[in-house]
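Reminder that position 153 of the sequence shown reads as 152 in numbering that gives the first Met the number 0, one-by-one numbering, no gaps.
Scroll down for the structure; my scribbles are underneath it.
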Amino acid sequence: MTTFGATVLWTRPEGTAFIDNKYSRAHIWQFDGGAEVPASSSPHIVRVPFSTPENVDPEEAYVASISSCHMLFFLSGAAKKGFVIDEYRDAAEGELAKNDSGKLYVSRVTLKPQVTYAGAAPDRMTEEHMHHDAHEQCFIANSVLTEITVEAV
0 MTTFGATVLW TRPEGTAFID NKYSRAHIWQ FDGGAEVPAS SSPHIVRVPF STPENVDPEE
60 AYVASISSCH MLFFLSGAAK KGFVIDEYRD AAEGELAKND SGKLYVSRVT LKPQVTYAGA
120 APDRMTEEHM HHDAHEQCFI ANSVLTEITV EAV
């Protein structure tokens with residue numbers, strides 16, 4: 000079994016209030032390789048100035064993690080099939096909705112991969128099959144209840 004970790008660090012600036020709920024949601028995600036990502040709540044959920052719009056929010060990170068996982072398996076599958084990829088770009092989107100209990104959740108993630116090949120490219124059916132295989136192998140996708148669709152460009 001493999002274990003993955005991240006440290007999430009939020010610190011209240013000295014002298015600022017807290018119990019009035021008017022505090023900054025800006026924080027840092029720290030990863031084992033040394034990367035640090037500035038994070039915050041989404042300004043769609045908590046208004047500015049209490050959210051920091053330029054920081055990554057958990058909803059964006061959720062969408063990005065699904066997209067990234069799919070891409071990594073797609074690239075691997077393409078390499079195994081002998082296709083050379085120059086660029087893979089995905090303008091992925093996530094949608095918030097209310098579940099049957101009235102709680103918000105990410106109900107759908109739509110991946111919109113656009114792949115540029117060097118030399119021979121697969122036909123449309125082969126590429127769709129490659130995306131299907133990538134989706135089936137992506138353990139992030141296999142771990143969530145969110146509906147995930149792939150609309151290759």
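We put the CB at the ideal spot given by N, CA and C, even for glycine.
| Item | Value |
| --- | --- |
| Which residues in the same chain as Thr145 place their Cβ atom closer than 6 Å to its Cβ, once the five residues preceding and following it in sequence are excluded? | Val105, Val108 |
| With a 10 Å radius around its C-beta and 16 neighbouring C-beta atoms as the bar for buried, classify Ile65 as buried or exposed. | buried |
| Since Ala16 is in the alpha helix (DSSP H), which residue starts that stretch and which ends it? | Counting along the chain, Ala16 falls outside any alpha helix (DSSP H), and DSSP gives it neither H nor E. |
| Using only CA atoms, which one of Ala25, His128, Ile139, Tyr22 lies nearest to Ala77? | His128 |
| If we call anything under 7 Å between Cβ atoms a contact, is Glu58 one with Ser41? | yes |
| By the three-class DSSP mapping on this structure, what secondary structure does Phe73 have? | helix |
| Since Arg24 and Val47 are thought to touch, with beta carbons under 8 Å apart, how far apart are those beta carbons, to the nearest angstrom? | The Cβ separation is near 10 Å, so there is no contact. |
| Phe82: which of Thr115, Ala63, His43 sits nearest, CA to CA? | Thr115 |
| Judging by CA-CA distance, which residue of Leu8, Gly4, Val152, Arg123 is the nearest neighbour of Asp31? | Gly4 |
| Just checking my contact of Ala151 with Glu126 at CB under 8 Å: how many whole Å lie between their CB atoms? | 6 Å |
| Output the boundary residues of the beta strand (DSSP E) element that contains Thr125. | Careful: Thr125 lies outside any beta strand (DSSP E), inside the alpha helix (DSSP H) at 123-136. |
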